[in-house]
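Protein chains in written order, with my numbering: chain P, 342 to 403; chain Y, 4 to 446. Built from N, CA and C at the ideal position, the CB exists for glycine as well. A quick note: this is a predicted structure, and the numbers were derived from the prediction, not measured. Below you'll find the structure, written out as structure tokens, and then a few comments.
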Amino acid sequence: MTDTEHEPLDRHALRNMLNNITMNAELVKLMVQQDVPNDQVLDSVEKMLQECKHCARYLNQR
Amino acid sequence: MVDDDASFTEATAKIIQLLQHEVQVAGSVEEARSCLQQTSFDIVLLDIMLPDGSGFEVLDSIYRFNRSAHIAFITGHVAVKNIIRSVAGPEVSFLLKPIDVDKIRNLLSRVVSANDNHEDEGITRHFGVLVGETPVMQGLYTMIERVAASSANVLIQGQSGSGKELVARAIHNATGCEGAFVAANCGAIPTELIASELFGHEKGAFTGASARKIGLFERAQGGTLFLDEITEMPLEMQPNLLRVLETGKICRVGGSQEIDVDCRVLSATNRSREELASKQYLREDIYFRLAVFPIDLPSLQERRDDIPLLAQAFLNEFNQKQNTAYRLDEASMERLQQYSWPGNIRELRHAIQRAHILTAPEEALLQLPDELSSPFASEAASPTALQAGKTIEEVEKQLIIETLKATQGAKPEAADMLGISLKTLYNRLNQYQQSSNISLESG
Numbered sequence: 342m343t344d345t346e347h348e349p350l351d352r353h354a355l356r357n358m359l360n361n362i363t364m365n366a367e368l369v370k371l372m373v374q375q376d377v378p379n380d381q382v383l384d385s386v387e388k389m390l391q392e393c394k395h396c397a398r399y400l401n402q403r
Numbered sequence: 004m005v006d007d008d009a010s011f012t013e014a015t016a017k018i019i020q021l022l023q024h025e026v027q028v029a030g031s032v033e034e035a036r037s038c039l040q041q042t043s044f045d046i047v048l049l050d051i052m053l054p055d056g057s058g059f060e061v062l063d064s065i066y067r068f069n070r071s072a073h074i075a076f077i078t079g080h081v082a083v084k085n086i087i088r089s090v091a092g093p094e095v096s097f098l099l100k101p102i103d104v105d106k107i108r109n110l111l112s113r114v115v116s117a118n119d120n121h122e123d124e125g126i127t128r129h130f131g132v133l134v135g136e137t138p139v140m141q142g143l144y145t146m147i148e149r150v151a152a153s154s155a156n157v158l159i160q161g162q163s164g165s166g167k168e169l170v171a172r173a174i175h176n177a178t179g180c181e182g183a184f185v186a187a188n189c190g191a192i193p194t195e196l197i198a199s200e201l202f203g204h205e206k207g208a209f210t211g212a213s214a215r216k217i218g219l220f221e222r223a224q225g226g227t228l229f230l231d232e233i234t235e236m237p238l239e240m241q242p243n244l245l246r247v248l249e250t251g252k253i254c255r256v257g258g259s260q261e262i263d264v265d266c267r268v269l270s271a272t273n274r275s276r277e278e279l280a281s282k283q284y285l286r287e288d289i290y291f292r293l294a295v296f297p298i299d300l301p302s303l304q305e306r307r308d309d310i311p312l313l314a315q316a317f318l319n320e321f322n323q324k325q326n327t328a329y330r331l332d333e334a335s336m337e338r339l340q341q342y343s344w345p346g347n348i349r350e351l352r353h354a355i356q357r358a359h360i361l362t363a364p365e366e367a368l369l370q371l372p373d374e375l376s377s378p379f380a381s382e383a384a385s386p387t388a389l390q391a392g393k394t395i396e397e398v399e400k401q402l403i404i405e406t407l408k409a410t411q412g413a414k415p416e417a418a419d420m421l422g423i424s425l426k427t428l429y430n431r432l433n434q435y436q437q438s439s440n441i442s443l444e445s446g
């Protein structure tokens, strides 16, 4: 497949995915600082992992 | 928070709650309008693209139902700032993606603290910090709005104590930028440390540099750097500053990498424009870089009608801090307005603070000290300005009293200074003593 056959990269979509990872990382940091229960922290870590996989899939399709 | 990205709003809402604020989320223009009709908000965080329209369509509802709400647009690109400002006005803020906790915390604390201070007993704090309603101040507010909408560097000139740093803060607040307000006094930084303070240094750059230090320019990234007493910066250091202003890049001391810096530079001096030119406190090239938009601050003498408002604002502040409820009566206000305040607002604040400390707890009224002037004020305080509305007799009496004070009560000298005979002086003093009980005897 040549470069011209790739779908164009949607910077907006990519930026949003990265921003969601950032926000959840910031949330984890804040929750750890404020001794929030572990299950809530792990929930945010799980969301970060999902968003990373989503981001990787998106880039692989381009 | 109006945004249709559920993953983003869920994380951001939790962050806002952990920062001890309440938050509601709307995922569309329609949901946002419904929320705005039902609840009053301090801040609306607004995405531009929504599934059923644009963030601009929410503005109408904000103006109709939540006029005092501060609007912050969530955007991924700095380039849209000016376009948004042209539609939504200069006072909106921006949360640029990627967003971090500090950006949210800064925005929330800035807006909430501005709202807390916005009105106290009928006193408006313009741009969250400035008090005064005289025409000269209204003109200043217009200038601040105009300059905030641009990215121009501003040189604030005004007498000592006239509030230059507050004006700098007002400009920073009016821009709604998300970076910090970083202030430094150029006169207080030793010459050998100026470069390190402004640009930072790398570990080991010089003896004692045990760790990397981030300089003022980097700390003000995306915000405002305020350089007070800019004219006290040694001339030999000014080319380094000029280079940063021209290129927008810094290099930490001992470093080799150039770093982009994006901050507005506000500077201030109490030197007059004439002094700047004649005594060369600033290099000409740096003056034109710093003073793209010069602002002249009025002295307190030039905005005398603001004295009651300022005095009340300071008294409110000290009452709140000390949990007291002292009031200023008309006679005290009159005294405050009559005094010349050569030390400007700083001197007025100091006088109110001094009076607040001296007033006995059981008193209801603030007791002003017998002598309002500070040690630094004596030189400028003694000549009493003529005021329209006085009779010639009153002015003559005032002149004689002031002259006697200047000669420490020595009448022959006073008569000599006044250009009248000693007999005429005695005649006048007898008249005054008969009409009032003012003692003019030498001390």
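- Cβ atoms of P:N361 and P:E392 come within 8 Å of each other, at about 5 Å.
- Neighbours of Y:I18 across chain P, judged by C-beta separation under 8 Å: M364, E367, L368, L371.
- Under the Cβ criterion of 8 Å, P:Q375 is counted among the residues facing chain Y.
- In the DSSP annotation of this structure, the continuous segment of the beta strand (DSSP E) that includes Y:T227 starts and ends at 227-231.
- Listed in chain order, the non-local C-beta contacts of Y:E287 below 7 Å within the same chain number zero, local neighbours out to five positions each way being set aside.
- For P:K388, the residues of chain Y that pass the 9 Å Cβ criterion are S10, E13, A14, in the order they occur in the chain.
- If only uninterrupted alpha helix (DSSP H) runs of at least 4 residues are considered, those enclosed by the stretch 405-438 of chain Y are 414-421, 425-438.
- Counting C-beta atoms within 10 angstroms of its own C-beta, Y:L361 has fewer than 16 neighbours from the protein chains shown and is therefore classed as exposed.
- About 18 Å separates the beta carbon of Y:V47 from that of Y:A9, a gap too long to meet the 8 Å contact definition.
- Look at Y:D6 here: in three-state DSSP terms it is coil, with no helix or strand label.
- Taking the C-beta atoms as reference points, Y:L269 is found nearer than 8 Å to Y:V157.
- Taking a beta-carbon distance threshold of 8 Å, Y:G207 does not count as an interface residue toward chain P.
- Each of Y:E33, Y:P54, Y:K167 was checked against the Cα of Y:L133, and the nearest Cα belongs to Y:K167.
- Distance from the CA atom of Y:L228 to the CA atom of Y:I253, rounded to whole angstroms, is 14 Å.
- Residue-level contact check: Y:V104 touches chain P, since one or more beta carbons of chain P fall below 8 Å from its beta carbon.
- In the three-state reduction of the DSSP assignment, Y:V115 falls in the helix class.
- Residue environment analysis places Y:I233 among the buried positions, since at least 16 neighbouring C-beta atoms fall within 10 angstroms of its C-beta.
- C-alpha of Y:A198 to C-alpha of Y:V95: approximately 34 Å in a straight line.
- In the DSSP assignment, Y:D263 falls outside any alpha helix (DSSP H) and within the unbroken beta strand (DSSP E) covering 261-263.
- With a cutoff of 8 Å on beta-carbon distance, Y:M336 and Y:A358 are scored as not near each other.
- With the rule of 3 Cβ pairs closer than 8 Å, the stretch 321-328 of chain Y does not count as touching the stretch 182-194 of chain Y.
- Looking only at Y:C38, Y:P242, Y:Q434, the smallest Cα-Cα distance to Y:R67 is reached by Y:C38.
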